[in-house]
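Protein chains: 2
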Amino acid sequence: MYQRKIPIDYECGLSVAMEVVGSKWKFCLLDEISKGIKRPRDLVNAINGITKRVLQKQLSELELHGLLSKTIYPEVPLRVEYFLTPSGESLLPLISAVDQWGMGFASQLKVILEGKDSEI
Amino acid sequence: MYQRKIPIDYECGLSVAMEVVGSKWKFCLLDEISKGIKRPRDLVNAINGITKRVLQKQLSELELHGLLSKTIYPEVPLRVEYFLTPSGESLLPLISAVDQWGMGFASQLKVILEGKDSEI
DNA sequence: AAGCATGGTGAATAATTTATCACCAGATGA
DNA sequence: TCATCTGGTGATAAATTATTCACCATGCTT
């Protein structure tokens with residue numbers, strides 16, 4: 047992280063939500079973890095396009111913000127599992143709703159941006 | 047806009063939603079417009095921190111994506127009003143939910159980032 | 001003519017986020 | 001010893017987004 051030029055407005059729910067969840071992979075990460083994929087290695091494999099480093103960073107931010115927690119099992123090879131905190135779980139209905147909305151909007155957006163109908 | 051390096055995944059609702067709504071001011075803008083603030087000048091005044099240029103850009107993106115529409119009244123001085131399309135309106139419950147969640151999470155985030163309780 | 005209000009745009013830059021690359025460490029098996 | 005698996009980090013580059021600044025135009029008022 048770094049020092050933001052414009053600080054978070056704690057009075058504004060949208061500002062707060064954007065701070066903790068408004069980045070490229072976070073919704074996706076929370077979604078996958080809620081589905082049972084908990085290990086970093088598995089998440090890298092499950093999520094198309096994310097890299098190890100980026101995953102680590104976003105996981106650690108989610109952990110810092112209290113949406114994720116992790117457990118380290120002293121096995122060999124080392125096993126680490128991330129899981130949702132209550133705050134993280136409280137976000138699931140929202141993530142689901144956003145996903146639903148996006149699915150419904152996809153064909154419209156495709157027409158707008160590419161000028162053709164989708165076959166979905 | 048520009049040509050994205052990584053294209054939108056139309057199969058993924060989260061990806062689609064992030065594309066049209068995942069930027070700093072869009073939730074806020076849709077929220078204000080739904081509350082009846084429709085003119086660019088009024089939006090600049092209503093939203094703390096946004097500038098004229100940024101407002102114009104985000105409004106035009108929302109318009110391009112089909113969440114907003116605008117009407118030009120040939121008055122003097124010129125009057126322009128933006129309003130929500132049905133797609134834009136379908137987003138309102140979600141924005142409200144995100145805002146609610148953020149409000150509920152604010153005090154926790156404040157403790158985490160600043161180490162002190164809020165007085166809200 | 002000058003100043004103001006409206007809505008708008010292009011170019012350049014700053015700020016921020018994401019990605020790439022090269023590493024480290026522990027323990028295991030070949 | 002060397003390669004492999006795991007999870008992890010620092011430095012840097014690239015991509016993306018947001019902001020600043022300087023403009024344009026119209027038609028009013030002074």
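Chains as they are written, first to last, in the numbering used here: chain A, 47 to 166; chain B, 47 to 166. We put the CB at the ideal spot given by N, CA and C, even for glycine.
When secondary structure is reduced to three states using DSSP, residue 135 of chain A falls in the helix class. Between residue 131 of chain A and residue 115 of chain A, the CB-CB gap stays under 8 Å. Taking the C-beta atoms as reference points, residue 87 of chain A is found no nearer than 8 Å to residue 127 of chain A.
At a cut-off of 8 Å, the C-beta of residue 118 of chain A has no neighbouring C-beta in chain B. Here the region 60 to 70 of chain A lies against the region 142 to 154 of chain B, with 3 or more beta-carbon pairs under 8 Å apart. Counting only Cβ-Cβ distances below 7 Å, residue 121 of chain A has no contacts in chain B at all, with the closest Cβ about 30 Å away.
Between residue 76 of chain A and residue 112 of chain A, the beta carbon gap of about 12 Å keeps them out of contact (Cβ cut-off 8 Å).
Residue 73 of chain A has its alpha-carbon roughly 11 Å from the corresponding atom of residue 139 of chain A. In the same chain as residue 108 of chain B, and ignoring 5 residues on each side of it, the C-beta atoms closer than 6 Å to its own belong to 114, in chain order.
Flagged as an interface residue toward chain B: residue 63 of chain A, by a C-beta distance shorter than 8 Å. Restricting attention to B/156, B/161 and B/129, the CA atom closest to the CA of residue 80 of chain B is found in B/129. For the options A/154, A/159, A/152 and A/70, the alpha carbon positioned closest to that of residue 105 of chain A is the one of A/70.
In summary, the residues of the region 86 to 108 of chain A whose CB is separated from some CB of chain B by less than 7 Å are 95, in the order they occur in the chain.
Interface annotation for the region 141 to 163 of chain B against chain A: 143, 144, 145, 146, 147, 148, 149, 151, 152, 154, 155, 156 and 158, criterion Cβ-Cβ distance under 7 Å. If you look at residue 114 of chain B, you'll find it in the beta strand (DSSP E) that goes 114 to 119.
Residue 128 of chain B is outside the set of residues whose beta carbon lies under 8 Å from a beta carbon in chain A.
The C-beta of residue 115 of chain B comes no closer than 8 Å to any C-beta of chain A. Burial state of residue 83 of chain B is buried, judged by a 10 Å Cβ sphere holding 16 or more other Cβ atoms. When the beta-carbon positions are compared, residue 65 of chain A and residue 155 of chain B come within less than 8 Å of each other. Taking a beta-carbon distance threshold of 8 Å, residue 80 of chain A does not count as an interface residue toward chain B.
Contact between residue 152 of chain B and residue 56 of chain A holds: CB atoms are separated by about 5 Å, below the 8 Å threshold. Counting along the chain, residue 100 of chain A sits inside the alpha helix (DSSP H) bounded by residues 98 to 110. In this structure, residue 110 of chain A sits away from residue 93 of chain B, with a CB-CB distance that is not shorter than 8 Å. Remark: C-beta atoms of residue 95 of chain B and residue 54 of chain A do not approach each other more closely than 8 Å.
Straight through space, the alpha carbons of residue 149 of chain B and residue 136 of chain A are spaced by roughly 13 Å. The beta carbon of residue 83 of chain B sits no closer than 8 Å to any beta carbon of chain A.
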